[in-house]
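When we follow the working numbering, the leftmost residue of the sequence shown carries the number 2, and every step to the right adds one. What follows is a single structure, written as structure tokens, with notes after it.
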Amino acid sequence: MIQNKRLKEKVQDVIFSTAKIFKDVSKIDSIIMVDEDRELKQLKSNSLSSGYPGVCLLLGMLDNIDPDGEWDILALEYLKRVQADLPLSLFHGLAGIMMSVEACSRNKSRYFTQYYLYN
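Quick look at the structure:
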């Protein structure tokens, strides 16, 4: 944890100014979906390291830091893209997808129901 207030503010400024690129959803779509092959697009778009789940993790963390910044609304747009290309395989990307959903859920107050969590 950063103790120096000035340094902490500078770090936050860098993080939030860098994260603004994700507000242009169509630009991020074009970066993630650049591949021509449909299967490769699906693999890439659902990857935690290079796809929408990773973006959702970032936006979920930003929402925790700045709940009034509307990062949660932006995260929902990316979660919709994850849902649209949800893989049928249990092994491909599902763990990363669930991590991204949980990160955007505001401490599981969204997107989760007790039925799905415990049954």
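C-beta atoms are modelled at their ideal positions from N, C-alpha and C, and glycine is treated no differently. It should be emphasised that the depicted structure is a prediction, and the values quoted were computed from it without experimental measurement.
Of the residues the options, which one's Cα is nearest the Cα of residue i?
{"i": "L63", "options": "N5, R7, R107, A85", "result": "R107"}
{"i": "E103", "options": "D14, G70, V56, Q4", "result": "V56"}
{"i": "S101", "options": "R39, Y112, P54", "result": "P54"}
{"i": "G97", "options": "L58, K6, R39", "result": "L58"}
On the premise that residue j lies in contact with residue i, defined as a C-beta separation below 8 Å, what is that separation, rounded to the nearest angstrom?
{"i": "G52", "j": "I33", "result": "6 Å"}
{"i": "K1", "j": "I3", "result": "Only positions 2 to 120 of the chain appear in the structure, and residue 1 is not among them; the question remains open."}
Just reading off the alpha helix (DSSP H) that residue i is part of, what are its end residues?
{"i": "R107", "result": "That residue, R107, is in no alpha helix (DSSP H); it is neither H nor E in DSSP."}
{"i": "I33", "result": "26-33"}
{"i": "S46", "result": "39-46"}
{"i": "I74", "result": "72-85"}
{"i": "N65", "result": "53-66"}
{"i": "I126", "result": "No answer is possible for residue 126: it lies beyond the span of the chain, which begins at 2 and ends at 120."}
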